[in-house]
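Down below is the structure, laid out as structure tokens.
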Amino acid sequence: MRQQNIHKLLSSLNEVCKTHASINNYHPPKVSVKKQEIKKMNYEITKLMNYLNNFN
């Protein structure tokens with residue numbers, strides 16, 4: 000995946016988590032959404048996915 004696509008995914012996931020948190024009175028995970036190296040963005044995506052996975 001290209002860096003641009005990964006950044007777009009990271010931004011979208013961040014919005015999903017923020018929306019979920021505001022609806023359910025939770026605190027969303029703190030992540031850096033700025034463009035950075037792919038490895039760092041993957042780490043941030045993992046944090047967001049773990050947050051969402053805790054509600055299944």
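Each residue of the sequence shown is one higher than the one before, starting from 0 at the first, in numbering that gives the first Met the number 0.
Glycine residues also receive a C-beta, built at the ideal position from the N, C-alpha and C atoms.
LYS39, enclosing alpha helix (DSSP H) - first and last residue: Taken as a continuous stretch (DSSP letters only), the alpha helix (DSSP H) holding LYS39 covers 37-52.
C-alpha gap between LYS34 and PRO27, whole angstroms: Straight across, the Cα-Cα distance linking LYS34 with PRO27 is about 20 angstroms.
Rounded C-alpha distance that separates VAL15 from GLU36: 22 angstroms
Beta-carbon proximity of LYS46 to VAL30, cut-off 9 angstroms: With a cutoff of 9 angstroms on beta-carbon distance, LYS46 and VAL30 are scored as near each other.
Rounded C-alpha distance that separates ASN13 from GLN2: Roughly 16 angstroms separates the two Cα atoms.
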